[in-house]
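A.B. asks: The structure that follows is given in the form of structure tokens.
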């Protein structure tokens, strides 16, 4: 009788552990699905932005900053006049322009 009671307790403990593991797995699966949904939304927004991007906007803005007397723009010349966000924007735009030259 004592042995049967001991086996029953072990079986109940194993079942409880499996239920906890199942809940953990469900928790992690739900979180990963949420992260995947957010990542796909961000990727969609980024793709839409890049697909509708026109380089003329930033190039005109750079021409205004550099002035008409200089045909080529060197970022270090007017780095003091640009905040860090604008510097990043200029750098990314130049990368984009050089990647589309073919």
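Residue numbers (the working numbering): 27 to 128. In this text, a Cβ means the ideal position worked out from N, Cα and C, and glycines have one as well. In this text, all values refer to a predicted model and were calculated from it rather than measured experimentally.
1) Can you check the stretch 28-84 for any alpha helix (DSSP H) of at least 4 residues that lies completely inside it and give the ranges in chain order?
2) Out of curiosity, what's the CA-to-CA distance linking residue 37 and residue 52?
3) How big is the Cα-Cα spacing for residue 70 and residue 124?
4) Applying the criterion that 16 or more other CB atoms from any shown protein chain within 10 Å of the CB defines a buried residue, is residue 116 buried or exposed?
C.D. replies: If we stick to the structure as given:
1) 28-77
2) Computed Cα separation, rounded: 22 Å.
3) 24 Å
4) buried
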